[in-house]
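Following: one structure in structure tokens, then a few remarks.
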Amino acid sequence: MALLQAQRLVKQYGERELFSGVSFEVAPGERIGLVGVNGCGKTTLLRLLAGGEEPDAGRVTRAAECRVTWLAQQQPDAPELTLLDTALLEFAPLMELERQLADVAERLARSADDGLIRRQARLQEEYQQRGGLTYRSRTRAVLLGLGFSEEALGQPVRQLSGGEARKAMLARVLLSEANLLLLDEPTNHLDIRAIEWLEEFLLSCRSAYIVVSHDRYFLDRVTERTIELTEGTALVSRGNYSRHLALKMDAREAAERKYFNQLREVRRIEGIIAQQRRWNQARNYVTIASKEKQLARIRQEMVKPAADPAAIRFRFRAAEPGGGDVLLAAGLQKGYGGRTLFAGLELHLLRGEHVCLLGANGCGKTTLLRILTGAEEPDAGSFRLGAGVRVGYYEQSLRGLDPDSTVLEQARTLFPRLDDGQLRSALGQFLFRGDDVFKRVGGLSGGELARIQLLKLMLQGCNLLLLDEPTNHLDIPSREALETALTAYDGTMLIVAHDRYFVDRVADRILVLDEAGLTGFSGDWTAYSAALRRQREEAAARRAPQKPARPANDYVKKRDQRAAVARARDALARAEARVAEQERLLAACQARMAAPEIAADYAAVQREAEEAARLSAALEPLYAAW
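FYI, in my numbering the residues of the sequence shown are 30 to 655.
Following this line, the structure appears as structure tokens:
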């Protein structure tokens, strides 16, 4: 039975209809990707599914056992609680059980009542069954997996940045007991390590989920079904995003072939009708009537394939090539408030290199770019640009734009030498068409502001691009257009990125910034990840004990087989013994917990419960080995 059904959903705002006739089901444990261009209604659809808003028509039906939780794009109120305590709010029922257990223990300390002992046993059993022994450690594991440091766990949420507060919200969703997770852009504000951790978490998650994302690598890993909002309706297909694209392309090509075959048939029949009219005999009019009916049927069936949705199309051009040595940096160091971000950095960029800069959030990637643009001074070290190098900088903060200006006025300010016709033409390449050029900059979406930044870079004609997470706020078609433009760019690039698909498309060299400094790898993301995998395998091989080679004759083979069987039997016996001993220890621990003298002491119960949890956790790998 489906957890949730969306039936012919319709939603519009004013005169604008977002979507109509959207229908699909969500089965228990299903992994669904929800995709579509910016503004197509993905977040609105999640809001309808979560019950935060009602559709204008159609209905959302949730099964009785369906428990929905939603990661919204809005920022939460900033409470006074610490990050860890905020995440633990997801376990309020367990904390209430703890309060009840403490109350019972306090009363038992005054009077050993049989009824209280039985109540304590029931509460303790419920507490353990609902994960009371592990929920605090699970909470810490999720927060650390999403990239928070140990120090951040004790920090008040009100002191967190917007991105960190959103990660805290994501942690609560992942920790919830819901069996349907609605995740709106969960990879925002995560570095690559945290994204990979989230992928593994979702792949091991038993809950169903619908995830909105523009990260194609992420979608391919964590989804098995795709819903695309396009042309005001939903296109649903089995498979991850890449599979969905292939099916969509096949369907489009088939529709185009059918349409053009029908068009060819229409012209053929029209030719027959025209010929029959020229012959102008009685029997010809019978043929004409028959062919006109056939023509009407074909025209009624004809469906012209929809045009590709509007997408940005542009090119970056370097006005002049510049020298061979584009940038040289030596001994760069920077820190804030006593914390050193990096020290002793050496960097050399050559003309035409396309370099992606990777690293954990907070390691100093943005700071390094700001130093290289002259926006900040290093604490030590220096850098110099090569002859004829002009720098174009794409920054995350989108500073330098006037929120009170219209889009056209902002373009005039940035490029006063261009007339309105030239500016409108350039703005049109970035989907600012018609009255869009009169929108206020302060009211633009993140994606629209990003397009203005890209427009600025395109018109500057710089030969060194320093780009700080340029794919943020861009939908998939815009990311693809940016990848195409950067791949064709003949200048030099240094790009901070967390989108692995993007890095795979544009990089010919990768730099990783960490506590050891800058480490270089030749190639794209695929080559880099393969190199890391080889390093891990070689390290594992070095740790593994080496066995001497043996002669390969039949006698030796049979002897080795007999020895292997004996070793396997011995290993099985040892595994059985370890399991039996661990089970004995666990049973003894549980018996102690049931003893009246322990049951009356809450602290003792907690100690025994923690020991039981440890013994139980230790049993799992023993069972697996057995």
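Note that beta-carbon positions come from the ideal geometry of N, C-alpha and C, so glycine has one too.
To the nearest angstrom, how far is the alpha carbon of residue i from that of residue j?
| i | j | result |
| --- | --- | --- |
| Thr555 | Thr548 | 16 angstroms |
| Thr396 | Asp528 | 19 angstroms |
| Gly373 | Leu473 | 40 angstroms |
| Gln102 | Gly144 | In this prediction, Gln102 scores a pLDDT of 48, lower than 50, which makes its location untrustworthy; the coordinate-derived value is nonetheless stated afterwards. Each residue's alpha carbon lies about 49 angstroms from the other. |
| Gly403 | Arg571 | 45 angstroms |
| Lys40 | Val241 | 18 angstroms |
| Leu182 | Gln149 | 32 angstroms |
| Gly667 | Leu398 | Here the chain covers residues 30 to 655 and nothing more, so residue 667 does not appear. |
| Arg446 | Ser454 | 14 angstroms |
| Leu378 | Cys385 | 11 angstroms |
| Asp213 | Val97 | 13 angstroms |
| Ala280 | Thr259 | 14 angstroms |
| Lys394 | Val64 | 29 angstroms |
| Thr513 | Pro506 | 11 angstroms |
| Thr216 | Val55 | 22 angstroms |
| Gly476 | Arg128 | 48 angstroms |
| Leu292 | Ser558 | 49 angstroms |
| Glu82 | Arg76 | 6 angstroms |
| Gly429 | Gly192 | 22 angstroms |
| Thr316 | Gly450 | 56 angstroms |
| Gln310 | Gln304 | 11 angstroms |
| Leu152 | Asn390 | 42 angstroms |
Which class does residue i belong to by DSSP, given the choice of helix, strand or coil?
| i | result |
| --- | --- |
| Arg565 | helix |
| Glu94 | coil |
| Gly546 | strand |
| Ile539 | strand |
| Leu164 | As written in the sequence, residue 164 is Tyr, which differs from the Leu given in the question. Residue state, collapsed to three classes: helix. |
| Glu132 | At residue 132 the sequence reads Asp, which differs from the Glu that was named. Asp132 falls in the helix class under three-state DSSP. |
| Ile341 | coil |
| Lys320 | helix |
| Leu33 | strand |
| Ala389 | coil |
| Ala200 | helix |
| Val470 | helix |
| Ala263 | strand |
| Met522 | strand |
| Leu376 | strand |
| Val55 | strand |
| His273 | helix |
| Thr500 | coil |
| Gln88 | Reading off the sequence shown, one finds Arg at residue 88, where the question assumed Gln. Arg88 falls in the strand class under three-state DSSP. |
| Ser178 | coil |
| Arg571 | helix |
From the DSSP output, read off the bridge partner residues of residue i.
| i | result |
| --- | --- |
| Lys363 | Phe371 |
| Pro185 | Thr111 |
| Gly62 | Val240, Thr255 |
| Gly421 | Leu494 |
| Ser411 | Ala359 |
| Ser140 | According to DSSP, which records beta bridges pairwise, Ser140 is partnered with nothing at all. |
| Gln41 | Glu46 |
| Leu210 | Thr98, Tyr238 |
| His218 | Looking at the DSSP assignment, His218 forms no beta bridge with any residue, so it has no partner. |
Comparing alpha-carbon positions, which option in the options lies nearest residue i?
| i | options | result |
| --- | --- | --- |
| Lys468 | Glu438, Ala150, Ala237, Leu447 | Glu438 |
| Leu248 | Asp220, Ala280, His273, Ser233 | His273 |
| Leu100 | Leu523, Glu257, Val51, Tyr238 | Tyr238 |
| Leu9 | His383, Glu206, Arg128, Gln329 | Examination of residue 9 is not possible in this model, given that the chain is present from 30 through 655 alone. |
| Val51 | Ile256, Gly403, Gln149 | Ile256 |
| Gly364 | Ala409, Glu179, Leu483 | Ala409 |
| His218 | Tyr518, Gly388, Ala536, Asp433 | Gly388 |
| Ala194 | Glu109, Leu162, Ala617, Trp308 | Glu109 |
| Val466 | Glu59, Ala536, Ser434, Ile61 | Ser434 |
| Arg267 | Gly62, Ile539, Val535 | Gly62 |
| Gly463 | Glu155, Arg167, Val436, Gln153 | Val436 |
| Leu74 | Glu639, Gln564, Ser49 | Ser49 |
| Tyr288 | Glu125, Tyr423, Pro334 | Pro334 |
| Phe171 | Ala200, Pro185, Ile146 | Checking the sequence shown, residue 171 turns out to be Val, not Phe. When only C-alpha atoms are compared, the closest one is Ala200. |
| Leu33 | Glu94, Glu424, Gly81 | Glu94 |
| Phe177 | Asn290, Arg139, Leu113 | Leu113 |
| Met198 | Arg306, Thr111, Ile524 | Thr111 |
Please determine whether the Cβ atom of residue i lies at a distance below 8 angstroms from any heavy atom of the ligand HEM.
| i | result |
| --- | --- |
| Gln482 | Within the structure as shown, the ligand HEM is missing, as the structure has no ligands at all. |
message: Using 8 angstroms as the cut-off, can you tell me whether the region 359 to 379 makes contact with the region 443 to 460, which would need three or more C-beta pairs spanning the two stretches below that distance?
response: no
- request: Could you tell me whether the region 366 to 381 touches the region 326 to 342, using the rule of 3 or more Cβ pairs below 8 angstroms?
  value: no
- prompt: Three or more C-beta pairs closer than 8 angstroms, one from the region 219 to 230 and one from the region 33 to 51: is that the case here?
  reply: no
- prompt: Per the contact definition of three or more C-beta pairs closer than 8 angstroms, is the region 493 to 509 in contact with the region 415 to 424?
  reply: yes
Contact the region 65 to 78 vs the region 127 to 137: 3+ CB pairs below 8 angstroms: no
- prompt: So does the region 110 to 120 actually touch the region 200 to 209, counting three or more Cβ pairs closer than 8 angstroms?
  reply: Taking 8 angstroms as the limit for Cβ pairs, the verdict is that the region 200 to 209 does touch the region 110 to 120.
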